RNA sequence: GGACAGGUGGCGGAGCGGUUAAACGCACCAGACUGUAAAUCUGGCGCUCCUUGCGGGCUACGGAGGUUCGAAUCCUCCCCUGUCCA
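In the numbering used here, the protein residues as written are 77 to 446.
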C-alpha cells in the first residue's frame, strides 16, 4: 500500500490524497460505508460502486463469529465472498469491546466475549484479531484496541490506553510474522479526551510504526468541541506521509470539520442506519420520512439532488414504503444517504484541490449555525 | 318466533364490585441513533386546567333506569351483532 498527498490546503489542515491498494485506488479524504457482516446493509457491491464508494469497512469480530473467518478464507477471502472487488478495511473488534461491554471481560491478554448470537464463549487477542483479518484478506487491518466510552476518568483512560498500546505492539509483531504486503495494518490512538495521554499514545504508535494511524475512542458521547480539539491535537503529531483515519465519525458536518483537522478517512454507520430508521440527509438539514407532513409530498427527498432515488421517487412514496415496512424502503433510503455522504466527500476533495477548503468550511459552518 | 354468545378507547382484545382513563397488540404522533447485538430502541396517545405533580376537574366501557359508600364489572327493560334451532 502506498499513500500520496496530492495537495495540502494552505489555510487548514485538509489534505487531498490518494491511497493505492492492491484492490484499487482510494481518493482521499474518503468515506467508507460500513459493511459489518460482509454487506453494506441493503446495497449490492455494484450499487455501492455506482454511488461512488471506493473502499468499505467490515468487521473481524462479526465475521469471526459468523460464518467464521476460516469459512471465508476457504471460499477465497472476503472480497470474493461478498462480491466486492475494491479495497476493504476491517475493524478488529475493538469497537465491540465498547459496544458489547456487558458481554465481555477484558484483561491484558485479550477480550473474552459471550457471543451475542448464541451466548457461547469467544476470545479475541491482538494476535487472533490479526490472524482473522489476514484470513479475511483485508487490505487494511486494524489493531485490536480497547475502545473506551465517555466519560472516563484519567486513571481509566490511562490504563486503557496503555493496554491498547501494548496490544498495538503485539499486533504489529504478529502481522510482521505471519502477514505482510500487500496487506497493511493501522494503529489506533486512544487516550480519551486527555491531551497528554493522546500524545503518549501517538508517540508509542509512531515508534512501533504503522502504515496508517487511526484516531479511536471518539464519537462515544463526548462534547463535539472535545472531539474536534482531540483531532486537532493529533494533526501535527501524526506522520504527514501516512493516512489518518477517524474511526466511527460522523455527521456530515463532523466530516468537514475533521478534514480541516487533517483526517483522510472516515467510516460511520450513520448514513446507513439512519436510512433504515427513516432519517434522510439533505443540504438543508434532515427529514424524518415517516412524518405525516410527507403523506402527499410529491417532491424528492432533496430538490436538486443527483442521486438515483431523488431522480425518480417522491417523499410520499418513500414515506409509504417506510410506514408499510417494505424492504425497498431501506434500499432507497440507504441509496440516498450514502450518495449524500459520498457526494459530500467528492465536494470536500474538489474544494481542497481547486477552490480552497476554507470556503467549504465556512459554508458548512454557516449552514450549521442556522 | 326460540336458544345460546356477545356489544369496552381509531381497530383487535383483556378486565368481570373499589388499587381502571381502563392490561396487551396494532395503528397514530414524536424523539434517539457516530469503528452496526439496530429495517432498532424510547416516549406520548379521552378532553381540559394549572403553582407540571406518582396534581385538579370533566367525560367515558351499546342506551335508559336501578342496587351499592362505590359499577365497565350486579339487576331490569330497550337497541344492536353473531351462531344455531324452528
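Where a beta carbon is used, it is the ideal one built from N, C-alpha and C, also for glycine. These numbers come from a predicted model, not from an experiment.
When the Cα atoms are used, residue 230 and residue 387 turn out to be separated by approximately 51 Å. Note: residue 146 is not bridge-paired with any residue in the DSSP secondary-structure output. Residue environment: residue 209 is assigned as buried (16 or more neighbouring CB atoms within 10 Å of its CB, all protein chains considered). Assigned with DSSP and collapsed to three states, residue 175 falls in helix.
With the rule of 3 Cβ pairs closer than 8 Å, the segment 193-209 does not count as touching the segment 269-287. The alpha helix (DSSP H) runs of length 4 or more contained entirely in the segment 308-342 are, from start to end of the chain, 328-335. Note on residue 365: 16 or more other CB atoms within 10 angstroms of its CB, so buried under the neighbour-count rule. Check the Cα spacing between residue 348 and each of 411, 323, 393, 314: the tightest is with 411. For the pair of segments examined, the segment 109-117 was found to touch the segment 336-350: the number of CB pairs separated by less than 8 Å reaches three. Counting only runs of 3 or more residues that sit fully inside the segment 242-305, the beta strand (DSSP E) segments are 260-265, 288-291, in chain order. The Cβ neighbour count for residue 234, taken over all protein chains shown within 10 Å, is at least 16; the residue is labelled buried. Judged by DSSP secondary structure, residue 181 falls within the beta strand (DSSP E) whose first and last residues are 180-182. Closest option to residue 224, judged by alpha-carbon separation, among 127, 182, 401, 78: 182. Contact check for residue 90 against residue 131 fails: the beta carbons are separated by 8 Å or more. Residues 329 of the same chain have their beta carbon placed closer than 6 Å to that of residue 444, with the five preceding and five following residues left out of the count.
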